[in-house]
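Enquirer:
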Amino acid sequence: MFKGKKIAVIGGGKMGSIIAQGIFERKLFPKRDITVTDIDNARLDFIRSEMRFKVSTDNKKTAKNADIIILAVKPQNMTATLKEFASAIDNSKVVISIAAGIPTTFIEAALPERARVLRVMPNTPALVGEGAAAVAKGICATGADVKLTRTILDAVGISFEVEEKLMDAVTGLSGSGPAYFFLIIEALIEAGIKLGLPRELAAKLSAQTMLGAARLCLQSDKQPAELREMVTSPGGTTAAGLKILEEGKIRDTFICAVETATARSKELAAGK
Ligand SMILES: NC(=O)c1ccc[n+]([C@@H]2O[C@H](COP(=O)([O-])OP(=O)(O)OC[C@H]3O[C@@H](n4cnc5c(N)ncnc54)[C@H](OP(=O)(O)O)[C@@H]3O)[C@@H](O)[C@H]2O)c1
138 MFKGKKIAVI GGGKMGSIIA QGIFERKLFP KRDITVTDID NARLDFIRSE
188 MRFKVSTDNK KTAKNADIII LAVKPQNMTA TLKEFASAID NSKVVISIAA
238 GIPTTFIEAA LPERARVLRV MPNTPALVGE GAAAVAKGIC ATGADVKLTR
288 TILDAVGISF EVEEKLMDAV TGLSGSGPAY FFLIIEALIE AGIKLGLPRE
338 LAAKLSAQTM LGAARLCLQS DKQPAELREM VTSPGGTTAA GLKILEEGKI
388 RDTFICAVET ATARSKELAA GK
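Numbering (the numbering used here), first residue to last: 138 to 409.
What follows is the structure, given as structure tokens:
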């Protein structure tokens, strides 16, 4: 799929460099076919000397030489960045944006007609190869472009195609989701410490329990509710703990959190 193709990562910050590393490690692209650009020379020095990628400060030249362009700059830098390389884009190239809240129509309007644009919402566990990402295609992107984008995203986790109107919900759920789970782990650690466990032990037990439960969910053909019931014997310890969580309205709280984050994503996209 990628043989002989060149890829440009515009913006070598946290996400851009994770993606560059992921596609190299998964052998999708050799280093000679990956170029990372940034405006920060110190950052580029690091990417060149420590990560050993080709680097550039010239977005236009890099985009011109590439078949696939990953846009990984902050949303507030998007307009200026698009201006820099728009004239290097034509319908033979695929432009993949990971910027939160920037619609494909916005990017398409800044690029020449018929540009093939896709929008992705990744999340930070991509750092450890466990990202969850959604991709939506713009007006001229093809099904093959979605496949190509998902193959890139799958190098740092798993990915799904969604309609663009669902991107705010994805942002509220899996984009913001890692922070929700960190908060749960924090609370479990506090509980463990209160009950006499050493901090380190409480931290490891909490995080590994969350990881294990998540793996079970992903690998089992059972629904989460069934898995929960399987470990909850009547009158037992888990039932006692769950009763407190339900009384504390944990479900409503999470639903409200995701709804509120989704609404905030819509507001941010509207420039509020
Ligand atoms: N981090 C996350 O968890 C996450 C999750 C989902 C989506 N995203 C999206 O991913 C994108 C990148 O986020 P990030 O956390 O990786 O940000 P970041 O670490 O700030 O990386 C962006 C990089 O782009 C550079 N840059 C700015 N203008 C540029 C230009 N014209 N040409 C080339 N490089 C330029 C920035 O340099 P300066 O720092 O000098 O400006 C910075 O090094 C954002 O749009 C964000 O919405 C991030």
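Backbone N, C-alpha and C define an ideal beta-carbon position, used for all residues, glycine too. All of these numbers come straight from a predicted model, not from anything done at the bench.
Kindly indicate which three-state DSSP category Val265 falls into: helix, strand or coil?
Expert: Counting from 1 along the sequence shown, the entry for residue 265 is found at position 128. Three-state DSSP puts Val265 in a helix.
Enquirer: May I ask whether a heavy atom of ligand 1 can be found less than 6 Å away from the beta carbon of Arg180?
Expert: For this step, residue 180 is matched to residue 43 along the sequence shown. Within the cutoff, so yes.
Enquirer: Mind checking Val265: buried by the 16 CB within 10 Å criterion, or exposed?
Expert: Sequence index remark: in the sequence shown, residue 265 carries index 128 (1-based). The residue in question, Val265, is exposed, as its Cβ has fewer than 16 Cβ neighbours within 10 Å.
Enquirer: Report yes or no: do three or more beta-carbon pairs, one from the stretch 236 to 255 and one from the stretch 180 to 189, lie closer than 8 Å?
Expert: The stretch 236 to 255 vs the stretch 180 to 189: no contact.
Enquirer: Under the rule that 16 or more other beta-carbon atoms within 10 Å means buried, what is Ser402, buried or exposed?
Expert: Translated into the one-based positions of the sequence shown, residue 402 becomes position 265. Per the 10 Å Cβ criterion, buried.
Enquirer: State buried or exposed for Gly238, treating a residue as buried only when at least 16 other CB atoms are found within 10 Å of its CB.
Expert: Within the sequence shown, residue 238 is the residue found at index 101, counting from 1. Gly238 comes out buried.
Enquirer: On a Cα-Cα basis, can you pick out the residue from Ile207, Phe161 and Phe139 that is closest to Gly149?
Expert: Counting from 1 along the sequence shown, the entry for residue 149 is found at position 12. Checking every option, the nearest Cα to that of Gly149 belongs to Ile207.
Enquirer: Anyone know if the C-beta pair for Glu162 and Lys197 falls short of 7 Å?
Expert: On the sequence shown, position 25 is the one that residue 162 refers to. On the sequence shown, position 60 is the one that residue 197 refers to. No.
Enquirer: Below 8 Å on the Cβ atoms is my contact criterion, and I expect Gly275 with Leu255 to pass it. Report the Cβ-Cβ distance as a whole number of Å.
Expert: Here residue 275 refers to the residue found at position 138 of the sequence shown. Here residue 255 refers to the residue found at position 118 of the sequence shown. Indeed they touch by this definition, with Cβ atoms about 6 Å apart.
Enquirer: DSSP three-state call for Ser370: helix, strand or coil?
Expert: Within the sequence shown, numbered from 1, the residue matching residue 370 stands at position 233. In this structure, Ser370 counts as coil in the three-state DSSP scheme.
Enquirer: What are the residues that DSSP puts in a beta bridge with Phe297?
Expert: Position 160 of the sequence shown, counted from the first residue, corresponds to residue 297. Phe297 is bridged to Ala271.
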